[in-house]
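Colleague: As given, the protein sequences belong to chains A and B, one line each in that order.
If you count the first sequence from 1, you need to add 98 to reach the numbering used here.
If you count the second sequence from 1, you need to add 149 to reach the numbering used here.
Quick reminder that beta carbons are idealized off the backbone N, C-alpha and C, glycines included.
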Amino acid sequence: MLRTGSRDAIVVAFQKYTPYFLILPSLLILLTTVIFPLAYSVHKSLLYFHLFRPDQIRWVGLGNYFELLTDSAFWTSVRLSLLFTAVGVGFEIVIGVLMALLMSGHFIGSQAIRLALITPMLMSPVVTGMTWRFLYNPDNGVINALLGYLGISGPQWLSDPSTALISVIIADVWQWTPFVFLVVYAGLQNIPRDILEAAQLDGAGYWRSFRSVTLPMLKPILLVVVIIRVIDSIKTFDLVYVMTWGGPGTSTFLLAIHNWSIGFSGFQIGRSAAFSYLVLLVIMMLTTYLTKQMRTRVFSSQRVV
Amino acid sequence: MRDSSMSNRVILPLCRILVLVVWLFPLVWILLTSFKPYTLVASRDPAFFFVPSFENYISALFEYGLYETFLNSLVVASSTTLVTILVAMPAAYAVSRIRFKGGPQFASWVLSIRMLPPIAVVIPFYLLFQQFRLIDSVLGLIIINLTVTVPFAVWILYGFFLEVSRDIEEAALLDGCGPLRILLHIFLHVARSGIIVTAIFSFIFVWNEFLFALILSDAAAVTAPVGISKLILPYQVLWGQLSAAGIMVLIPLLAVIGFLHRYIVRGMTFGAVR
């Protein structure tokens, strides 16, 4: 029989080494599947590496990075992606919050309606892109057909460089607003009733109490949602690949598709890797900026990840 | 909060129905299109009333190989989800309970991984898989999908596990329960909704994943989204089959969400957004 002292020692030893034992499989997976490609691609980003010219592989240091930073096409993509994200996520947040407010509460079919509204975010962006491409079709698309019934001559949507980007944004907003809706709706459920009732007793109308009570309490959740959406929005690939492939011209040549074109049309592996890290930098700067902006207006002691 | 005046009893429901109809219209349109015979699909005037037919579904499944792609998607998504949960649970437990270096920064670190464009990950894996002949294999797809799902799962589960009260744990520890048993019996039960939410999100991600599958599959391991993209022929788009395929790809996810939705709501309110 072990005496209490030794038993405690074993428990302590267990507690000391178990964490490492427990996270071992996870760590192994993370190491091979995250660290490896990271290290590999960082290394490749410092080389001239054309997939089909192995004899020309050479060290260029930060050469790839400089070439990209002085390439106007790169900055065009940066500008387009920032525009895409700002407009897209902006609309997603506003519409999502309004939708959550509209659909909160109990009414007939509320659960079914909420489930139905979530559907777009369950779709593969490939399917979403094709769906909207079908709707936008100048020849037999239903949007222009319906507009035609109203006597309006619809735009060329994806075929027109001046409307292509907004058309893609609409599809993206359509797909991801339900995500914002879902999260904000869940957040609304967490807001304690008594505070809202107290505000009402004090004479606050619906919108006033929303602005002063609900909104501040939603801020931490909104911050997380914005960050997640911004990160994913800059990475948007599937949608553009299927809808416009960067065109017409370069009107939808967002960062991800540009990177693809460098890596898989031009086979410039090194440049593509450098491109990826520049995009990473853009995302990091964006999220840092957004976090600072939104955090300074949150007076809660909640720890926000 | 709202009084049931005339405006609220009529305008609100009206608004709700309007939002629902407008938002779901694209989906409904695709659903309708999927049942249209070929001549109606490409017609100039949109048809709202017609005699439905299954020809698009059958064509998509058997003529254009989507049946195999669905099977592949199912295998890849289920396996990835299973492995993800098995691997992420112990890790999340360790990070949430035992203090060790880098614990609090863990969440930010995980988020940073998410910031890396997936294309940077694909190329190294492609070259690596070439060595091990894992190109165009289900196993290869599982492996590369794990790079995305595992960090995400650990992050989400970490948030949930933080919420689990320590009292039960400490009682169990004093009774001589090893951490593994604690994990299995206590956490699995208390954080059940969180685990289910994590599994659902992982499954949805892998099911809909496109880039990895596009590059790393060729003929044998083609998944549904890639199969669908192949319906875009050089000079023609097979809209009918595409609509049918789009609906078919959506149904399993709707079923999953439909059966498990109460876990999702409970999961999200329980602290998913931490």
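I need the boundaries of the alpha helix (DSSP H) containing Tyr304 (chain A), first residue and last residue.
Modeller: Here residue 304 (chain A) refers to the residue found at position 206 of the first sequence. Note, Tyr304 (chain A): alpha helix (DSSP H), 304-307.
Colleague: By the criterion of Cβ-Cβ separation under 8 Å, what are the contact partners of Thr217 (chain A) in chain B?
Modeller: Start at 1 with the first residue of the first sequence, and residue 217 (chain A) comes out as number 119. Ordered by position in chain B, the residues that pass the 8 Å Cβ test against Thr217 (chain A) are Leu173, Leu176, Leu399, Leu403.
Colleague: Going by DSSP, what residues sit across from Leu145 (chain A) in a beta bridge?
Modeller: Position 47 of the first sequence, counted from the first residue, corresponds to residue 145 (chain A). Bridge partners of Leu145 (chain A): A:Trp157.
Colleague: Taking the alpha helix (DSSP H) that Met221 (chain A) falls in, what are its first and last residues?
Modeller: Residue mapping note: residue 221 (chain A) aligns to position 123 of the first sequence, counting from 1. Careful: Met221 (chain A) lies outside any alpha helix (DSSP H) and carries neither H nor E.
Colleague: Less than 8 Å between C-beta atoms, sequence neighbours within five positions excluded: which residues of the same chain meet that for Ala262 (chain A)?
Modeller: As a first step, residue 262 (chain A) is located in the first sequence; it is residue number 164 there, counting from the start. Same-chain partners within the cutoff: Trp255, Leu256, Thr342, Gly345, Pro346, Ser349, Thr350.
Colleague: Spell out whether any CB of chain B is found under 9 Å from the CB atom of Ala171 (chain A).
Modeller: Counting from 1 along the first sequence, the entry for residue 171 (chain A) is found at position 73. So, not an interface residue.
Colleague: Among the residues of its own chain, which have a CB less than 7 Å from the CB of Leu388 (chain A), if the five just before and after it don't count?
Modeller: On the first sequence, position 290 is the one that residue 388 (chain A) refers to. Cβ neighbours of Leu388 (chain A) beyond the five flanking positions: Val324, Ile325, Val328.
Colleague: For a quick check, are the C-beta atoms of Phe365 (chain A) and Leu149 (chain A) less than 9 Å apart?
Modeller: Taking the first residue of the first sequence as position 1, residue 365 (chain A) is located at position 267. Taking the first residue of the first sequence as position 1, residue 149 (chain A) is located at position 51. In this structure, Leu149 (chain A) lies closer than 9 Å to Phe365 (chain A) by Cβ.
Colleague: If you follow the alpha helix (DSSP H) that Trp274 (chain A) is in, where does it begin and where does it stop?
Modeller: Looking up residue 274 (chain A) in the first sequence gives position 176. Note, Trp274 (chain A): alpha helix (DSSP H), 259-287.
Colleague: So, does the CB of Ser222 (chain A) fall closer than 9 Å to a CB anywhere in chain B?
Modeller: Within the first sequence, residue 222 (chain A) is the residue found at index 124, counting from 1. Taking Cβ atoms only, chain B reaches closer than 9 Å to Ser222 (chain A), which makes this a yes.
Colleague: Quick check on Ile345 (chain B) - is its C-beta less than 9 Å from some C-beta in chain A?
Modeller: The residue labelled residue 345 (chain B) in the question sits at position 196 within the second sequence. Output row for Ile345 (chain B): interface = no.
Colleague: What do you reckon, are the CB atoms on Trp388 (chain B) and Ala226 (chain B) nearer than 9 Å?
Modeller: In the second sequence, residue 388 (chain B) corresponds to position 239, counting from 1. In the second sequence, residue 226 (chain B) corresponds to position 77, counting from 1. A distance of 9 Å or more separates the beta carbons of Trp388 (chain B) and Ala226 (chain B).
Colleague: Count Cβ pairs between the segment 253-270 of chain B and the segment 297-311 of chain B that sit closer than 8 Å; are there 3 or more?
Modeller: yes
Colleague: What do you reckon, are the CB atoms on Leu215 (chain B) and Ala348 (chain B) nearer than 9 Å?
Modeller: Here residue 215 (chain B) is taken as the residue at index 66 of the second sequence, counted from 1. Here residue 348 (chain B) is taken as the residue at index 199 of the second sequence, counted from 1. No.
Colleague: What do you get for Gly395 (chain B), buried or exposed, if any count of 16 or more other CB atoms within 10 angstroms of its CB means buried?
Modeller: Taking the second sequence and counting its residues from 1, one reaches residue 395 (chain B) at position 246. Classified as buried, Gly395 (chain B) has 16 or more neighbouring CB atoms from the shown chains inside 10 Å of its CB.
Colleague: When you compare the CB positions of Val410 (chain A) and Ile293 (chain A), do they come within less than 9 Å of one another, or not?
Modeller: For chain A, the structure presents residues 99 to 403; residue 410 (chain A) sits outside this window and is missing.
Colleague: On the three-state DSSP scale, how would you describe Val386 (chain B)?
Modeller: Residue mapping note: residue 386 (chain B) aligns to position 237 of the second sequence, counting from 1. When secondary structure is reduced to three states using DSSP, Val386 (chain B) falls in the strand class.
Colleague: Comparing alpha-carbon positions, which option in B:Phe281, B:Val386, B:Tyr242, B:Met397 lies nearest Leu337 (chain B)?
Modeller: The sequence position of residue 337 (chain B) within the second sequence is 188, counting from 1. The shortest Cα separation from Leu337 (chain B) among B:Phe281, B:Val386, B:Tyr242, B:Met397 belongs to B:Tyr242.
Colleague: I believe Ala368 (chain B) touches Asp285 (chain B) by the beta-carbon criterion, under 8 Å. Please report the beta-carbon distance rounded to the nearest angstrom.
Modeller: Locating residue 368 (chain B) in the second sequence gives position 219, counting from the first residue. Locating residue 285 (chain B) in the second sequence gives position 136, counting from the first residue. Going by Cβ atoms, the distance from Ala368 (chain B) to Asp285 (chain B) rounds to 6 Å, so yes, they are a contact pair.
Colleague: Helix, strand or coil, according to DSSP, for Gln254 (chain A) in the structure here?
Modeller: Within the first sequence, residue 254 (chain A) is the residue found at index 156, counting from 1. Three-state result, Gln254 (chain A): coil.
Colleague: Quick one: measure Cβ to Cβ for Val299 (chain B) and Ala237 (chain B), integer angstroms, because I've assumed they're closer than 8 Å.
Modeller: Residue numbering aside, residue 299 (chain B) sits at position 150 when the second sequence is read from its first letter. Residue numbering aside, residue 237 (chain B) sits at position 88 when the second sequence is read from its first letter. Yes, Val299 (chain B) and Ala237 (chain B) are in contact; Cβ-Cβ is about 6 Å, under 8 Å.
Colleague: Please list, in chain order, the chain B residues whose beta carbon lies closer than 7 Å to that of Ser139 (chain A).
Modeller: The residue given as residue 139 (chain A) occupies position 41 in the first sequence. Those are Ala269, Ile272, Pro273, listed as they occur along chain B.
Colleague: I need the boundaries of the alpha helix (DSSP H) containing Trp172 (chain B), first residue and last residue.
Modeller: For the purposes of this step, residue 172 (chain B) is taken as residue 23 along the second sequence, with counting starting at 1. Where Trp172 (chain B) is concerned, the enclosing alpha helix (DSSP H) stretches over 161-183.
Colleague: Just verifying my parser: in three-state terms, what is the DSSP assignment at Ile216 (chain A)?
Modeller: The residue you call residue 216 (chain A) lines up with position 118 of the first sequence. DSSP places Ile216 (chain A) in helix when its eight states are reduced to three.
Colleague: Can you pull out the residues from the segment 384-397 of chain B whose beta carbon lies closer than 7 Å to at least one beta carbon of chain A?
Modeller: Trp388, Leu391, Gly395
Colleague: Would you report the Cα separation of Tyr187 (chain B) and Phe198 (chain B), rounded to the nearest angstrom?
Modeller: Taking the second sequence and counting its residues from 1, the one referred to as residue 187 (chain B) is at position 38. Taking the second sequence and counting its residues from 1, the one referred to as residue 198 (chain B) is at position 49. If you take the alpha carbons of Tyr187 (chain B) and Phe198 (chain B), they lie about 14 Å apart.
Colleague: Mapping DSSP to helix, strand and coil, what is Ile428 (chain B)?
Modeller: Residue numbering for chain B in the displayed model covers 150 to 423; residue 428 (chain B) lies beyond these limits and cannot be assessed.
Colleague: When DSSP labels each residue in this structure, what does Ile206 (chain A) get in the three-state scheme?
Modeller: Working through the first sequence from its first residue, we reach residue 206 (chain A) at position 108. Residue state, collapsed to three classes: coil.
Colleague: Could you tell me whether the Cβ atoms of Ile193 (chain A) and Val278 (chain A) are closer together than 9 Å?
Modeller: Position 95 of the first sequence holds residue 193 (chain A). Position 180 of the first sequence holds residue 278 (chain A). Against a cut-off of 9 Å, the Cβ pair of Val278 (chain A) and Ile193 (chain A) comes out as a contact.
Colleague: Taking Pro123 (chain A) as part of the alpha helix (DSSP H), name the residues at either end of that continuous run.
Modeller: Your numbering for residue 123 (chain A) matches position 25 in the first sequence. For Pro123 (chain A), the enclosing alpha helix (DSSP H) stretches over residues 122-128.
Colleague: When you compare only the Cα positions, how much space is there between Ala354 (chain A) and Ile267 (chain A)?
Modeller: By 1-based counting over the first sequence, the position of residue 354 (chain A) is 256. By 1-based counting over the first sequence, the position of residue 267 (chain A) is 169. Distance between the alpha carbons of Ala354 (chain A) and Ile267 (chain A) is about 15 Å.
Colleague: From the DSSP output, in three-state form, read off Ile381 (chain B) for me.
Modeller: Position 232 of the second sequence, counting from 1, holds the residue named residue 381 (chain B). Residue state, collapsed to three classes: strand.
Colleague: Could one say the Cβ of Asp316 (chain B) lies closer than 9 Å to chain A's Cβ atoms, at least one of them?
Modeller: By 1-based counting over the second sequence, the position of residue 316 (chain B) is 167. So no, Asp316 (chain B) is outside the interface.
Colleague: With 9 Å set as the bound, which would you pick, yes or no: does the beta-carbon of Pro201 (chain B) sit closer than that to a beta-carbon of chain A?
Modeller: By 1-based counting over the second sequence, the position of residue 201 (chain B) is 52. No, its Cβ sits nowhere closer than 9 Å to a Cβ of chain A.
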